[in-house]
Amino acid sequence: MKETKIFEKPESMTDVITHYCPGCTHGVAHRLVAETIDELGIRERTFGVAPVGCSVFIYNYIDVDMYEAAHGRAPAVASAAKRIRPDMVGFTYQGDGDLASIGMAEIVHAANRGENITVIFINNAIYGMTGGQMAPTTLFGQKATTCPLGREASVNGYPIRIAEMLATLASPGYIARVSVSKPKYVLKAKEAIKKAFQTQIDKKGFSLVEVLSTCPTNWGLRPVEATDWLEQHMMPYYPLGEFKLPE
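Under our numbering, the first residue of the sequence shown is numbered 15, with each subsequent residue one higher.
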């Protein structure tokens, strides 16, 4: 009987084993980006911008042209490249420490200018690569190395909802928040990422997909416990959905 392959690695993904910790869902998000690039047939005209953070080595895993940006500056680099080569499809892939902290001004102004780029924003509510410090998205009561007793509003301010904030601007074309914690959410995440890239291809402006992701190592949880924690604690504060659609 002839075997039929029904599931395989996207062509846009390399055969390199990733450096991510066991249970980290960065790899799931990588695959969704690669699948989208393949399905839209844009691999030969796509470029990505890698930030500083856990995803710093994304250029090893997705086989498209890549830039390496200084911490938080990926939207600026992508904006410049896209303006020079408007025929290209450009995306950034950024974590919450990179995008929502040192890169906050970059992302707000890129969105406000309506730069025709796509941003994949990974929100795991903590700084991952540098040792588990509090991020702008760290939840109330959540412990981190820089808030060992848990985040308090009176001391640390409120966790920032990036998707909702950017959706208040006039210029963005598509803003959504998804999760990759369970298969049923992964399917919705794929739809949103594909919509975001299509928004750019259709020249309808800035697009961003916020992806709720796990960090078992810095959360101090086993992988399965981490996905449950995401659903129990992150989703109520960071609700899933589409916050802005292309006109």
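The C-beta atom is built at its ideal place from N, Cα and C for all residues, glycine as well.
For this session: Look at Glu-53 and Lys-196 and say whether their C-beta atoms are less than 8 Å apart.
Result: Not closer than 8 Å, so no.
Exercise. When you compare only the Cα positions, how much space is there between Leu-46 and Val-192?
Worked result: 12 Å
For this session: Please work out which residues of its chain come closer than 6 Å, Cβ to Cβ, to Leu-113, disregarding the five sequence neighbours upstream and downstream, and give them in chain order.
Result: Ile-121, Phe-135
For this session: Return the CA-CA distance between Gly-117 and Ala-64, expressed in angstroms with no decimal places.
Result: 13 Å
Problem set entry | Beta carbon of Thr-132 nearer than 8 Å to that of Phe-257 | no
Problem set entry | alpha helix (DSSP H) runs wholly inside the region 165-220, at least 4 long, in chain order | Segments of the alpha helix (DSSP H) lying fully in the region 165-220: 167-170, 176-181, 197-215.
Exercise. Touch check for the region 63-80 and the region 174-186: three-plus C-beta pairs under 8 Å?
Worked result: no
Exercise. Which first and last residues belong to the beta strand (DSSP E) in which Met-80 is found?
Worked result: 79-82
Exercise. Just checking, does the region 22-33 make contact with the region 219-232 on the three C-beta pairs under 8 Å criterion?
Worked result: no
Problem set entry | Those runs of the alpha helix (DSSP H) which lie wholly inside the region 58-111 and span at least 4 residues | 88-98
Exercise. Thinking C-alpha only, which one of Thr-159, Pro-173, Ile-174, Gly-155 is nearest Arg-165?
Worked result: Checked all of Thr-159, Pro-173, Ile-174, Gly-155; the closest Cα to Arg-165 is Gly-155.
For this session: Given a cut-off of 8 Å, decide if Arg-59 and Val-103 are closer than it, judged by their beta-carbon atoms.
Result: yes
For this session: Would you mind working out which of Met-143, Gly-171, Thr-144 sits nearest Thr-152, comparing C-alpha positions?
Result: Its Cα nearest to that of Thr-152, the residue Gly-171 stands out among Met-143, Gly-171, Thr-144.
For this session: Could you check which residue in His-247, Met-249, Pro-230 has the C-alpha nearest to that of Ala-240?
Result: Pro-230
Exercise. In the DSSP assignment, what are the bridge partners of Met-27?
Worked result: Ile-76
Exercise. Under a three-way DSSP split, which group does Glu-129 fall into?
Worked result: Residue state for Glu-129 is assigned as coil, using DSSP reduced to three classes.
Exercise. If you run the structure through DSSP and keep just helix, strand and coil, what is Asn-138?
Worked result: In the structure shown, Asn-138 falls within a coil segment according to DSSP collapsed to helix, strand and coil.
For this session: Report buried or exposed for Ser-168, applying the criterion of at least 16 other Cβ atoms within 10 angstroms of its Cβ.
Result: exposed
Exercise. How is the beta strand (DSSP E) around Glu-239 delimited, first residue to last?
Worked result: No beta strand (DSSP E) holds Glu-239; the alpha helix (DSSP H) holding it covers 237-243.
For this session: Consult DSSP for Leu-226 and reduce its assignment to one of helix, strand or coil.
Result: strand
Exercise. Alpha carbon to alpha carbon, how far is Phe-220 from Leu-259?
Worked result: 11 Å
Exercise. Can you tell me whether DSSP reads Gly-146 as helix, strand or coil?
Worked result: Residue state, collapsed to three classes: coil.
For this session: Report the residue from Gly-146, Glu-17, Asp-216, Ile-72 whose alpha carbon sits nearest the alpha carbon of Asn-232.
Result: Gly-146
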